[in-house]
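Undergrad: Take this structure first; my questions come after.
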Amino acid sequence: MQQYLNYSLDWLKQHNAQHTAREICQQPQIWSNVFKLVSQKQSALQQFLQPLFADPDLEIILTGAGSSAFAGVALAPWLREKTHRNVRAYGTTEIVTDPLQYFSPNKKTLLVSFARSGNSPESVATVKLADQLVPNCYHIFLTCNPNCALTEYAATSDSSARIFKLIMPEGTHDLSFAMTSSISSMMMATLLIFGDFEQYAAEKAVMEISDICEQKLTSWQAITKQLANEPCERVIYVGSSCFTGIAQEAALKILELTAGKIATRFDSILGLRHGPKFMVNQQSLVICFFSNDSYIRQYDMDLFNELVHDKIAKNVIALTAQSSQDKQMISVDSSLADCWLVFPYLVFAQMLAFEKSLSCGLTPDNPCPTGEVNRVVKGVNIYPFNQA
Numbered sequence: 029m030q031q032y033l034n035y036s037l038d039w040l041k042q043h044n045a046q047h048t049a050r051e052i053c054q055q056p057q058i059w060s061n062v063f064k065l066v067s068q069k070q071s072a073l074q075q076f077l078q079p080l081f082a083d084p085d086l087e088i089i090l091t092g093a094g095s096s097a098f099a100g101v102a103l104a105p106w107l108r109e110k111t112h113r114n115v116r117a118y119g120t121t122e123i124v125t126d127p128l129q130y131f132s133p134n135k136k137t138l139l140v141s142f143a144r145s146g147n148s149p150e151s152v153a154t155v156k157l158a159d160q161l162v163p164n165c166y167h168i169f170l171t172c173n174p175n176c177a178l179t180e181y182a183a184t185s186d187s188s189a190r191i192f193k194l195i196m197p198e199g200t201h202d203l204s205f206a207m208t209s210s211i212s213s214m215m216m217a218t219l220l221i222f223g224d225f226e227q228y229a230a231e232k233a234v235m236e237i238s239d240i241c242e243q244k245l246t247s248w249q250a251i252t253k254q255l256a257n258e259p260c261e262r263v264i265y266v267g268s269s270c271f272t273g274i275a276q277e278a279a280l281k282i283l284e285l286t287a288g289k290i291a292t293r294f295d296s297i298l299g300l301r302h303g304p305k306f307m308v309n310q311q312s313l314v315i316c317f318f319s320n321d322s323y324i325r326q327y328d329m330d331l332f333n334e335l336v337h338d339k340i341a342k343n344v345i346a347l348t349a350q351s352s353q354d355k356q357m358i359s360v361d362s363s364l365a366d367c368w369l370v371f372p373y374l375v376f377a378q379m380l381a382f383e384k385s386l387s388c389g390l391t392p393d394n395p396c397p398t399g400e401v402n403r404v405v406k407g408v409n410i411y412p413f414n415q416a
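For the sequence shown, the tail end lands on 416 under the numbering used here, and the numbers increase by one without skipping.
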């Protein structure tokens with residue numbers, strides 16, 4: 029009998045949950061397919077990127093809407109360190125309303141657009157605004173939908189020669205409401221495009237992280253279900269560096285799949301103490317994403333110990349790459365760098381959001397059947413921008 033997350037396919041269909049469950053579970057295989065895709069495109073990608081990176085003042089902007097924006101937030105610190113370029117992450121939802129606050133018209137710019145559907149009005153508008161305002165603008169489109177407004181723009185616009193589009197493998201254009209396979213596949217592609225990894229090392233890392241997540245899909249199911257079934261009103265995620273972006277995405281997943289029934293918050297490890305700690309109460313679950321970097325992990329451990337000692341939260345747990353006998357620490361057991369750990373941490377957050385949705389009596393594939401919130405945003409008017 030076919031199963032996803034330890035539920036039969038028939039049961040999942042009855043609870044309108046089959047797409048979300050399947051799309052969470054398929055990710056390890058999807059990442060292998062992403063590796064093959066980027067490997068096939070590597071020569072063309074390098075031909076496109078090398079002239080850009082010859083400019084030490086190149087600006088790189090990672091952008092998207094919603095979860096797609098958080099992919100950029102997570103990867104920007106790593107990419108800044110890796111490329112020694114000015115790398116920033118902004119939501120298209122920020123850029124569209126006041127583009128000159130975000131674009132530098134006099135600088136060569138690489139705009140990396142993350143887009144599941146490729147049809148969000150803000151995503152298309154941001155690309156057009158960039159071409160309008162930045163004469164020396166180049167683009168990489170990472171999208172999961174081969175037939176969308178972005179791919180049409182890449183084929184028909186005057187700037188088509190300055191656009192490199194990469195369509196994620198089949199299955200990444202999620203049918204569920206929440207982004208799962210889509211966000212992780214676009215993040216994986218970004219790592220492989222910009223990571224400058226030796227081919228064997230990259231393949232080995234992808235295989236290792238895929239194997240780890242394949243195993244955790246089984247072992248974490250009971251943990252996430254138990255956490256989801258414990259009554260709580262608030263879920264707070266915290267993490268440093270690239271894990272701040274993952275915390276933001278994890279908080280959104282709970283908020284989306286519970287249709288706002290659970291209040292959520294995200295912050296950096298050190299940022300939580302500066303006011304947001306008031307969010308922690310007896311009805312709160314706090315989840316800390318630990319770094320694999322020994323220096324950063326000192327700060328992670330300090331906050332974790334403080335939260336446990338305070339005894340204010342209903343529950344405090346940590347996801348860590350280190351082996352641990354502490355029942356409040358959930359181990360990934362990997363020596364890989366943090367840029368790779370984002371994937372098992374994402375999977376855990378997706379599984380918890382899925383279980384929390386079910387525990388709230390909702391349908392994960394469409395937690396808002398009345399239509400106030402939609403899978404692809406509606407109701408956005410895009411207005412012409414007059415630079416003068």
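All residues carry an ideal CB built from backbone N, CA and C; glycine is no exception. Quantities reported herein were computed from a predicted structural model and do not represent experimental measurements.
Is it buried or exposed, Arg-293, if we count other Cβ atoms within 10 angstroms and call 16 or more buried?
TA: buried
Undergrad: Quick one, are the C-beta atoms of Thr-154 and Ile-123 less than 7 Å apart?
TA: yes
Undergrad: In whole angstroms, give me the CA-to-CA distance for Thr-286 and Pro-304.
TA: In this structure, the alpha-carbon of Thr-286 lies about 22 Å from that of Pro-304.
Undergrad: With a 10 Å radius around its C-beta and 16 neighbouring C-beta atoms as the bar for buried, classify Ile-290 as buried or exposed.
TA: buried
Undergrad: When we look at the beta-carbon of Leu-298 and count the other beta-carbons within 10 Å, is it buried (16 or more) or exposed?
TA: exposed
Undergrad: Note down the Cα distance separating Leu-335 from Phe-318, rounded to an integer number of angstroms.
TA: 14 Å
Undergrad: Are Ala-173 and His-201 touching if we call contact CB-CB under 7 Å?
TA: It should be noted that the sequence gives Asn, not Ala, for residue 173. Yes. Within cutoff.
Undergrad: What did DSSP end up calling Met-357 once you bin it into helix, strand or coil?
TA: strand
Undergrad: According to DSSP, which residues form a beta bridge with Asn-114?
TA: Glu-87
Undergrad: Do Leu-331 and Phe-376 come within 7 Å of each other at the CB atom, strictly closer than that value?
TA: no
Undergrad: By the 10 Å Cβ neighbour count, where 16 or more other Cβ atoms means buried, how is Arg-301 classified, buried or exposed?
TA: exposed
Undergrad: Could you check the C-alpha separation between Asp-393 and Arg-50 for me, to the nearest Å?
TA: 11 Å
Undergrad: Just curious, the alpha helix (DSSP H) that Ser-67 is in, first and last residue?
TA: 55–81
Undergrad: Restricting to Cα atoms, I'd like to know which of Phe-271, Val-408, Val-401, Glu-383 is closest to Asn-44.
TA: Glu-383
Undergrad: Hey, quick one: how far does the beta strand (DSSP E) through Lys-193 stretch, first residue to last?
TA: 191–195
Undergrad: Whole angstroms are fine: how far does the CA of Val-360 sit from the CA of Pro-372?
TA: 7 Å
Undergrad: Which residue wins for smallest C-alpha separation from Gln-276, given the options Ala-99, Tyr-181, Gly-389, Asn-147?
TA: Closest option to Gln-276, Cα to Cα, is Ala-99.
Undergrad: Assuming contact is defined by CB atoms lying nearer than 7 Å, are Met-216 and Val-408 in contact in what I supplied?
TA: no
Undergrad: How would you call Glu-226, buried or exposed, if buried means at least 16 neighbouring beta carbons within 10 angstroms?
TA: exposed
Undergrad: Look at the Cβ atom of Leu-138, then the Cβ atom of Tyr-166, and state whether they are nearer than 7 Å.
TA: In terms of Cβ geometry, Leu-138 and Tyr-166 form a close pair [threshold 7 Å].
Undergrad: Considering only their Cβ atoms, is the gap separating Trp-106 from Cys-270 smaller than 7 Å?
TA: For Cys-270 and Trp-106, yes; Cβs fall inside 7 Å.
Undergrad: Would DSSP call Phe-271 helix, strand or coil?
TA: helix
Undergrad: Given a cut-off of 7 Å, decide if Met-196 and Ile-264 are closer than it, judged by their beta-carbon atoms.
TA: no
Undergrad: State the Cα-Cα distance for the pair Leu-369 and Lys-253, rounded to the nearest angstrom.
TA: 22 Å
Undergrad: In the DSSP assignment, find the unbroken beta strand (DSSP E) run with Asn-343 in it and report its ends.
TA: 343–348
Undergrad: DSSP beta-bridge partners for Tyr-265?
TA: Phe-294, Ile-315.
Undergrad: When you compare each of Gln-31, Glu-261, Ile-315, Thr-125 to Tyr-411 by their alpha carbons, which one comes out closest?
TA: Thr-125
Undergrad: How about Gly-273 and Val-101: are their beta carbons less than 7 Å apart?
TA: yes
Undergrad: May I ask which residues mark the beginning and end of the alpha helix (DSSP H) holding Leu-260?
TA: Checking the sequence shown, residue 260 turns out to be Cys, not Leu. Segment: none, Cys-260 is in no alpha helix (DSSP H) and carries neither H nor E.
Undergrad: Please name the residue, chosen from Glu-284, Leu-194, Phe-142, that lies closest to Ala-97 on a Cα-to-Cα basis.
TA: Phe-142
Undergrad: Taking the C-alpha atoms as reference points, what is the distance between Phe-388 and Gln-243?
TA: As written in the sequence, residue 388 is Cys, which differs from the Phe given in the question. Going from the Cα of Cys-388 to the Cα of Gln-243 covers about 27 Å.
Undergrad: Within 10 angstroms of its Cβ, does His-112 collect 16 or more other Cβ (buried), or is it exposed?
TA: exposed
Undergrad: Based on Cα-Cα distance, which residue from Asp-338, Lys-136, Leu-313, Lys-406 lies nearest to Leu-86?
TA: Looking from the CA of Leu-86, the closest CA among Asp-338, Lys-136, Leu-313, Lys-406 belongs to Lys-136.
Undergrad: Pick from Phe-205, Ser-212, Ile-89: whose alpha carbon is nearest that of Phe-131?
TA: Ile-89
Undergrad: The beta strand (DSSP E) that contains Ser-141, what's its start and end?
TA: 137–143
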